[in-house]
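*Asks:* Next up is a structure, given as structure tokens.
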Amino acid sequence: MKRRNFIYLTGVGAAAAMLPAIPVWGNDISPEQALEYIDPAAKKILSDVALNAAKSKGATYTDVRVGRYLNQYVVTREDKVENIVNTESFGIGIRVIANGCWGFASTDKMDKDSIAKAAELAVAIAKENSRLQAEPVQLAPQQGYGEVSWKAPITKNAFEVPIKEKVDLLLSVNDAAMKGGADYINSILFMVNEQKYFASTEGSYIDQDVHRIWPTFFITKINKETGKFETRNALSTPIGKGYEYLDGRPEDKIQTASGTLYKGTYDMLEDAKQAAVQAGEKLKAKSVDPGKYDLVLDPSNLWLTIHESCGHPTELDRVLGYEANYAGTSFLTLDKWKTGKFNYGSKEVNITADKTEVGTLGAVGYDDEGVKCGKWDVIKDGVLVNYQAIRDQAHILGLEHSQGCCYADNWSSVQFQRMANISLQPGKKPLTVADQIKNVEKGIYIVGDGSFSIDQQRYNFQFGGQLFYEIKAGKITGMLKDVAYQANTQEFWNSCTAICDQRDYRLGGSFFDGKGQPGQVSAVSHGSATTRFNGINVINTARKIG
Amino acid sequence: MPILTQEQAKALLTKVLSYSKADECEVNIEGSDGGNVRYARNSVNTSGGVSKTSLVVSSAFGKKLGVATINEYDDASLEKVVRRAEELARLAPENPEYMSVLGPQTYGPPSPTFSQTTASVGPKERADAVEKSLAVAKKNQLTAAGFLENSSGYSAMMNSKGLFAYNTSSDVAFNITMRTADGKGSGYATRGYNDFGKLNTEFDTDVAAKKALSSVTAKAIEPGKYTVILEPTAVAVMLENMLFDMDARQADEGRSFLSKPGGKSRLGERLVDERVNIYSDPWNPELPSSTWSGDGRPQEKVSWIEKGVVKNLTSSRYWAQKTGIKAIPRPDGAIMEGGTKSLAELIKGTEKGILVTRLWYIRSVDPQTLLLTGLTRDGTFYIENGEIKFPVKNFRFNESPIIMLNNLEEIGKVERTVSAESEANYLLPPLKIRDFTFTSLSDAV
Chain P
1 MKRRNFIYLT GVGAAAAMLP AIPVWGNDIS PEQALEYIDP AAKKILSDVA LNAAKSKGAT
61 YTDVRVGRYL NQYVVTREDK VENIVNTESF GIGIRVIANG CWGFASTDKM DKDSIAKAAE
121 LAVAIAKENS RLQAEPVQLA PQQGYGEVSW KAPITKNAFE VPIKEKVDLL LSVNDAAMKG
181 GADYINSILF MVNEQKYFAS TEGSYIDQDV HRIWPTFFIT KINKETGKFE TRNALSTPIG
241 KGYEYLDGRP EDKIQTASGT LYKGTYDMLE DAKQAAVQAG EKLKAKSVDP GKYDLVLDPS
301 NLWLTIHESC GHPTELDRVL GYEANYAGTS FLTLDKWKTG KFNYGSKEVN ITADKTEVGT
361 LGAVGYDDEG VKCGKWDVIK DGVLVNYQAI RDQAHILGLE HSQGCCYADN WSSVQFQRMA
421 NISLQPGKKP LTVADQIKNV EKGIYIVGDG SFSIDQQRYN FQFGGQLFYE IKAGKITGML
481 KDVAYQANTQ EFWNSCTAIC DQRDYRLGGS FFDGKGQPGQ VSAVSHGSAT TRFNGINVIN
541 TARKIG
Chain W
547 MPILTQEQAK ALLTKVLSYS KADECEVNIE GSDGGNVRYA RNSVNTSGGV SKTSLVVSSA
607 FGKKLGVATI NEYDDASLEK VVRRAEELAR LAPENPEYMS VLGPQTYGPP SPTFSQTTAS
667 VGPKERADAV EKSLAVAKKN QLTAAGFLEN SSGYSAMMNS KGLFAYNTSS DVAFNITMRT
727 ADGKGSGYAT RGYNDFGKLN TEFDTDVAAK KALSSVTAKA IEPGKYTVIL EPTAVAVMLE
787 NMLFDMDARQ ADEGRSFLSK PGGKSRLGER LVDERVNIYS DPWNPELPSS TWSGDGRPQE
847 KVSWIEKGVV KNLTSSRYWA QKTGIKAIPR PDGAIMEGGT KSLAELIKGT EKGILVTRLW
907 YIRSVDPQTL LLTGLTRDGT FYIENGEIKF PVKNFRFNES PIIMLNNLEE IGKVERTVSA
967 ESEANYLLPP LKIRDFTFTS LSDAV
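Going down the list, the protein sequences come from chains P and W.
My numbering numbers the first residue of the first sequence as 1 and each following residue consecutively.
My numbering numbers the first residue of the second sequence as 547 and each following residue consecutively.
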């Protein structure tokens, strides 16, 4: 994940510093305009113009993405609405192979001449660059699907909910937090709708409607006497759902030692109330004694560790060196995979890549190069068995087909390999969160995500959290602060000893996974159940300045 | 749409404003042309041409604001975008912090932000520059991964109170990672310029190549507190986290590293070593930047830290009015005053220490102390008796830029550098720091 200029959207400093870039591109529109949907037949006509123009200039392969990207953000603090953003970005991106080399161009001028010119430019760029190419692009075979479509199975389109209802929700959340003792609260509702149409010279015309939502807040509580402050962020997750995510159904709530946690739907008001109290408790919490602890990690914390230490190192473009100059490479090199025995984690550890799981951020019918999406094992019984690949990489793994991991964050961005939903499978034996805690002699129970950092080959990481509870002899004895855990990926996953069962399986995720140059973001989910890791190094992060 | 001249921009914006029926209206326009090439595994990977332009209309009725954007410039489209902004303003909830648009402002003389050489760069010039970089990789039998991007454009704004501002600018970014074939050595270099003519991809790739070749067979040494020499790009990622957070409201509200008990801030207090002077200056010839900010406020030469004392904080116009301070906008880039010693001289004067090429994946751990974590990367070396002795394995650090600037040993000569995290450009020196805290080792190369 990557942090960028998001902070400027709200003017929030400290609390939102965890948040990365937010692409506020596109044209501002009225909320009603977001409900218009472009007829696929019209998009097919535009796509065919590009396909034909590229072919006539010598392209041997072309794909076209006609994209309409809608964002709505409602931003508030305390009793004020700071910003309401409605944007639409509409245009066409054309990718070609000519002289065995990729070329790409895009335009938001949607007349036939401009589209044809963009297609010709893509071919010209491919030809110019082919002199710098070591070997020609090799694409895995891909059947054409004809005219097909996919829609996210949402029940309430967030863009149909009146702005006033959203503003009222956030202001009521803020009010509850302030009444509960918060000194400051910033709350934000992010909503995204990608309406994307893919066409290629393989004979696919794919229309897809993707929805995502993320309600979140940042609470600050200050001790006026000491000047110390603590923050507590929302325990919601970005998710591939509609407004129904905010239903906060009683059956979706899980009670643990940290209060209420959420599975599938989210009760924002309830979480804000408990957060205000917990921010105050954090101010009084005991500063952690550094040392080795058994960690019991809630899915709201573990998702980010999975993302960084398994999701990224199993991306094949990183393994091969395509990200060497920016995001980095990977310790999970091909020679380790080829042995068929590389011990990534303990035998409890089963991690899957899945582009189809309902409600996940990465779920689509087809990826951005027209490949039908699926599910596969990445780590099986602790052993590295597979990666995440796209069409021009599949041959390297000896695969006959792409795994469907291609994505572009906008029509104007070139698609490339992005992370599938990477999830830790729940344990097979019945095990609750309470059981996990009961079995720990000296440990820390961690809820929510915090600071995160990992090296460029994904060996050494450090993670924080929102809430830390000390466990002594199977019992929670109180709250801790100044906690961060540091580990080596392989050692960490080999110290995994117990995973709660399916009943505790929950999603976390990111709206803003950053990669590529120029940088692109991608949304991805990570499922897990509460998991125990033995003997992990915990550091104390308290310092004094001035 | 080509780059508009000042007169063309003025005519267009005057026309847009003529359609306004709101209490207040402000129009911003910007456009740019450019392109990029990305390469990896000694071969071009992706590339593209980027041309974009947008016109943003902000209309206000009382304290209700609406914003609309368009990228078509015929009369009907321009009138439509003004009407849309006004519709949105009528629907918007009142913002009690809304500030009326500024009247005409006086800006300093134009800053040399634009280069015609950069504006003339096309796919061929980019491919030629990359070819030179790839030749260095071939010569040294190394694997290159790099990125080259250039853009040129203009921005202008006008409002219903008569404010008008205009600027042109161009930017070039180049960064390169060289790795040995066995994956045991890695080196990095990054450059940013306004003028493409200053870019020397061969020279920078050579710097990265030398670091890659000399960083193989890295030894593991114990983590702990070490004297370090941070190269300017490593200094950039530490200091920008401090500079981004120098906001008056955050400090006054009690939730920043500059907050003090009782609702006060540390403005005017000594925060770091008295040799530290950090400022911004739109007219610096090595780091020119716009003389106005996006809301029309003048960008002036501002001292942020002078002799170790916090001199100024950025502020929104609302907060400045409420608290009676000057509303200073966030600057484009920053400059730290340097010394006279080169990096080589700093190394020569070091008995024991670690040379750090680059720091990476920097994240805030504690906003109260500005504690940051991250890792060294792409060239970390042990120094003994004034010489680089051997490469060392990478470290994770946990350190605050405030503590770091209090543990200052020496300041080197300033150069233009780029943050590999934010991509912002700065003029910064290499710094020698004592007791820099490395908390664990990383196997990453």
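Beta carbons are placed, not taken as given, at the ideal position from N, Cα and C, and that holds for glycine.
1. Going by beta-carbon coordinates alone, are residue 699 of chain W and residue 679 of chain W separated by less than 7 Å?
2. Kindly say whether residue 304 of chain P, judged by its beta-carbon, lies nearer than 7 Å to any beta-carbon of chain W.
3. Alpha helix (DSSP H) containing residue 215 of chain P: first to last residue?
4. Tell me which same chain residues have a C-beta within less than 6 Å of the C-beta of residue 517 of chain P, skipping the five on either side of it?
5. DSSP three-state label for residue 167 of chain P, please.
6. Please determine, among W/605, W/577, W/611, the residue with the shortest C-alpha to C-alpha distance to residue 596 of chain W.
7. Can the beta-carbon of residue 70 of chain P be found less than 7 Å from the beta-carbon of residue 157 of chain P?
8. Please go through the same chain and pick out, in chain order, the residues whose beta-carbon is closer than 6 Å to the beta-carbon of residue 72 of chain P, but skip the five residues on each side of it.
9. What does a CB cutoff of less than 6 Å around residue 494 of chain P pick up in its chain, not counting 5 residues either side in sequence?
10. Quick check: the Cα distance between residue 434 of chain P and residue 291 of chain P, rounded to an integer number of angstroms?
11. Classify residue 23 of chain P: buried if its beta carbon has 16 or more other beta carbons within 10 angstroms, exposed otherwise.
12. So which residues of chain W does residue 541 of chain P contact, with C-beta pairs closer than 9 Å?
13. Per DSSP, what kind of secondary structure is residue 671 of chain W in: helix, strand or coil?
14. Just to confirm the assignment: which complete alpha helix (DSSP H) runs, minimum length 4, are found wholly within the region 633-712 of chain W?
15. Looking only at its chain, what residues have a beta carbon closer than 6 Å to the beta carbon of residue 771 of chain W, apart from the 5 residues adjacent to it on each side?
16. Go to residue 52 of chain P, then tell me how far its beta strand (DSSP E) extends in each direction, as first and last residue.
17. Residues in its own chain within less than 7 Å of residue 173 of chain P by CB, not counting five upstream and five downstream?
18. Which of the residues in the region 954-977 of chain W, read from start to end, lie with their CB under 9 Å from any CB of chain P?
19. Under 7 Å between the Cβ atoms of residue 160 of chain P and residue 205 of chain P?
20. Counting only Cβ-Cβ distances shorter than 8 Å, please list the residues of the region 406-431 of chain P near chain W, keeping chain order.
21. For the beta strand (DSSP E) that contains residue 280 of chain P, what are its first and last residues?
22. By the 10 Å Cβ neighbour count, where 16 or more other Cβ atoms means buried, how is residue 749 of chain W classified, buried or exposed?
23. Closer than 7 Å by beta-carbon distance: list the chain P residues that pair up with residue 638 of chain W, in chain order.
24. Which word fits residue 662 of chain W, buried or exposed, when buried means at least 16 other C-beta atoms lie within 10 angstroms of its C-beta?
25. Mind checking which residues open and close the beta strand (DSSP E) that includes residue 191 of chain P?
26. Taking the alpha helix (DSSP H) that residue 749 of chain W belongs to, which residues open and close that run?
27. For residue 939 of chain W, does the three-state DSSP call read helix, strand or coil?
28. Does the beta carbon of residue 21 of chain P come closer than 7 Å to any beta carbon on chain W?
29. For residue 229 of chain P, which residues from the same chain have a beta carbon less than 6 Å from its beta carbon, with the 5 sequence-adjacent residues on both sides left out?
30. Going along chain P, which residues have a C-beta under 8 Å from residue 722 of chain W?
31. Are the beta-carbon atoms of residue 766 of chain W and residue 987 of chain W separated by less than 7 Å?
32. If you pair each beta-carbon of the region 811-822 of chain W with each one of the region 838-854 of chain W, do three or more pairs fall below 8 Å?
33. Please list the partners that residue 518 of chain P has in chain W, where partner means a Cβ-to-Cβ separation under 9 Å.
34. For residue 295 of chain P, list the residues DSSP reports as bridge partners.
35. May I have the straight-line CA-CA distance separating residue 225 of chain P from residue 807 of chain W, to the nearest angstrom?
36. Can you tell me whether DSSP reads residue 945 of chain W as helix, strand or coil?
*Replies:* Short version:
1. Mapped onto the second sequence, residue 699 of chain W falls at position 153. Mapped onto the second sequence, residue 679 of chain W falls at position 133. Not closer than 7 Å, so no.
2. The residue given as residue 304 of chain P occupies position 304 in the first sequence. Chain W contact via Cβ: absent.
3. Locating residue 215 of chain P in the first sequence gives position 215, counting from the first residue. Premise fails: residue 215 of chain P lies in the beta strand (DSSP E), 204-222, not in any alpha helix (DSSP H).
4. Translated into the one-based positions of the first sequence, residue 517 of chain P becomes position 517. Excluding positions up to five away in sequence, the list reads 326.
5. Taking the first residue of the first sequence as position 1, residue 167 of chain P is located at position 167. In this structure, residue 167 of chain P counts as helix in the three-state DSSP scheme.
6. Along the second sequence, one-based indexing puts residue 596 of chain W at 50. Cα-wise, what sits closest to residue 596 of chain W is W/577.
7. Here the question's residue 70 of chain P lines up with position 70 in the first sequence. Here the question's residue 157 of chain P lines up with position 157 in the first sequence. No, the pair does not count as a contact, with Cβ atoms beyond the cut-off.
8. What you label residue 72 of chain P is simply residue 72 of the first sequence in a count that begins at 1. So the list reads 86, 191, once near-sequence residues are dropped.
9. For the purposes of this step, residue 494 of chain P is taken as the residue at position 494 of the first sequence. Within the same chain, residue 494 of chain P has close Cβ partners 345, 346.
10. Position 434 of the first sequence holds residue 434 of chain P. Position 291 of the first sequence holds residue 291 of chain P. One C-alpha to the other measures close to 24 Å.
11. Reading the first sequence from its first residue, position 23 is the one you call residue 23 of chain P. At residue 23 of chain P the pLDDT is 40, less than 50, meaning the model places this residue with poor confidence; the figure from the coordinates comes in the next sentence. So residue 23 of chain P ends up on the buried side.
12. For the purposes of this step, residue 541 of chain P is identified with residue 541 of the first sequence, where counting begins at 1. Per Cβ cutoff of 9 Å: 911, 912, 915, 917, 919, 944.
13. Residue mapping note: residue 671 of chain W aligns to position 125 of the second sequence, counting from 1. Helix, per DSSP.
14. 662-665, 669-686
15. In the second sequence, the residue the question calls residue 771 of chain W occupies position 225. Taken in chain order, the residues that qualify are 981, 983.
16. Start at 1 with the first residue of the first sequence, and residue 52 of chain P comes out as number 52. Not the beta strand (DSSP E): residue 52 of chain P falls in the alpha helix (DSSP H), residues 40-56.
17. For the purposes of this step, residue 173 of chain P is taken as residue 173 along the first sequence, with counting starting at 1. So the list reads 187, 217, 268, 269, 272, once near-sequence residues are dropped.
18. 966, 967, 968, 969
19. Position 160 of the first sequence, counted from the first residue, corresponds to residue 160 of chain P. Position 205 of the first sequence, counted from the first residue, corresponds to residue 205 of chain P. No, these two residues do not count as a Cβ contact at 7 Å.
20. 412, 414, 416
21. Here residue 280 of chain P refers to the residue found at position 280 when the first sequence is read from its first residue. No beta strand (DSSP E) holds residue 280 of chain P; the alpha helix (DSSP H) holding it covers 268-284.
22. Taking the first residue of the second sequence as 1, we reach residue 749 of chain W at position 203. By the 10 Å Cβ count, residue 749 of chain W comes out exposed.
23. Taking the second sequence and counting its residues from 1, one reaches residue 638 of chain W at position 92. Here the neighbours are 84.
24. The count along the second sequence starts at 1 and reaches residue 662 of chain W at position 116. So residue 662 of chain W counts as exposed.
25. The count along the first sequence starts at 1 and reaches residue 191 of chain P at position 191. Per DSSP, residue 191 of chain P belongs to the beta strand (DSSP E) from 184-200.
26. As a first step, residue 749 of chain W is located in the second sequence; it is residue number 203 there, counting from the start. From DSSP, the alpha helix (DSSP H) with residue 749 of chain W extends over 747-760.
27. For the purposes of this step, residue 939 of chain W is taken as residue 393 along the second sequence, with counting starting at 1. Looking at residue 939 of chain W - three-state DSSP - the assignment turns out to be coil, as it is neither helix nor strand.
28. Taking the first sequence and counting its residues from 1, the one referred to as residue 21 of chain P is at position 21. Low per-residue confidence applies at residue 21 of chain P: pLDDT is 34, beneath 50, and the placement is therefore not dependable enough to give any value.
29. Here residue 229 of chain P is taken as the residue at index 229 of the first sequence, counted from 1. Counting only Cβ-Cβ distances below 6 Å, and skipping sequence neighbours, we find 220, 222.
30. In the second sequence, the residue the question calls residue 722 of chain W occupies position 176. In chain order: 325.
31. For the purposes of this step, residue 766 of chain W is taken as residue 220 along the second sequence, with counting starting at 1. For the purposes of this step, residue 987 of chain W is taken as residue 441 along the second sequence, with counting starting at 1. In contact: residue 766 of chain W and residue 987 of chain W (Cβ atoms closer than 7 Å).
32. yes
33. Indexing the first sequence from 1 puts residue 518 of chain P at position 518. Within 9 Å Cβ-Cβ: 582, 584, 594, 596, 693, 695.
34. Locating residue 295 of chain P in the first sequence gives position 295, where the first residue counts as 1. P/444, P/533.
35. Here residue 225 of chain P corresponds to residue number 225 of the first sequence, with the count starting at 1. Here residue 807 of chain W corresponds to residue number 261 of the second sequence, with the count starting at 1. Their Cα atoms are separated by approximately 6 Å.
36. On the second sequence, position 399 is the one that residue 945 of chain W refers to. Correct three-state label for residue 945 of chain W: strand.
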